[in-house]
């Protein structure tokens, strides 16, 4: 097996959904193209629950009610599909808070102090490390799709052609 796993940060989700004023006009088409290409190549997508919450907050801030309604419906449908069949995403964490939070806090505390990495980014980073540890023996490559250069630098396997904008 030589799968490629993508841990999806909020910035990429915002562009995937073309989420109102928070979305970048040239980034959205490129992010969607990359999702389509990675999906066609058998890539697997992991969305950390905190990033999903942040996406929901961005959707709630969309000013135009009809656009907001369509985005909400799309998010609800996508999450329901993901929960039923892990398609298009696997939503993480994959354990109870008592299991997930201690390791997350160990990563977060020094990263926040020394590198200004927040809790959601620390969670995303921890998920990428967890996936690499779990599937690394199968030669899986793990990337973090984000527009945050600091977080991108934490991905277990450097992406050959990363996409960051603005």
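Residue numbers (our numbering): 67 to 232. Positions of the beta carbon are idealized from the N, C-alpha and C atoms, including for glycine. These numbers were taken from a predicted model, which means no experiment stands behind them.
Please return the same chain residues whose Cβ sits closer than 6 Å to the Cβ of residue i, not counting the five positions on each side in sequence.
i           : result
residue 68  : 205
residue 113 : 74, 155 and 157
residue 97  : 78, 81 and 82
residue 93  : 81 and 231
residue 164 : none
residue 177 : 183 and 188
Could you have a look at residue i and say whether DSSP puts it in helix, strand or coil?
i           : result
residue 144 : helix
residue 230 : coil
residue 165 : helix
How about residue i and residue j: are their beta carbons less than 7 Å apart?
i           : j           : result
residue 77  : residue 213 : yes
residue 233 : residue 223 : In the structure displayed, the chain extends from 67 to 232; residue 233 sits before or after that span and is not available.
residue 72  : residue 119 : no
residue 79  : residue 121 : yes
residue 189 : residue 170 : yes
residue 85  : residue 130 : no
residue 194 : residue 225 : no
residue 142 : residue 134 : no
Starting from the C-beta of residue i, find all residues in its chain whose C-beta is less than 7 Å away, skip the five residues before and the five after it, and write them out in chain order.
i           : result
residue 159 : 115 and 166
residue 228 : 218
residue 216 : 181 and 183
residue 187 : 214 and 217
residue 192 : 169, 170 and 173
residue 140 : 83
Please name the residue or residues paired with residue i in a DSSP beta bridge.
i           : result
residue 158 : 114
residue 153 : Its beta-bridge partners do not exist; DSSP assigns none.
residue 16  : This structure leaves residue 16 out entirely; the chain is present only between 67 and 232.
Sorted by chain position, which residues of the same chain lie with C-beta nearer than 8 Å to residue i's C-beta, five sequence neighbours on each side aside?
i           : result
residue 147 : 153 and 154
residue 109 : 69, 70, 71 and 72
residue 203 : none
residue 104 : 70, 72 and 111
Exercise. Return the chain-ordered ranges of every beta strand (DSSP E) run that is complete within the segment 180-226 and spans a minimum of 3 residues.
Key: 207-211
Quiz prompt | Start-end ranges of the alpha helix (DSSP H) lying completely within the segment 76-138, minimum 4 residues | solution = Taking only runs of at least 4 residues, the alpha helix (DSSP H) segments lying wholly in the segment 76-138 are 76-82, 93-106 and 115-126.
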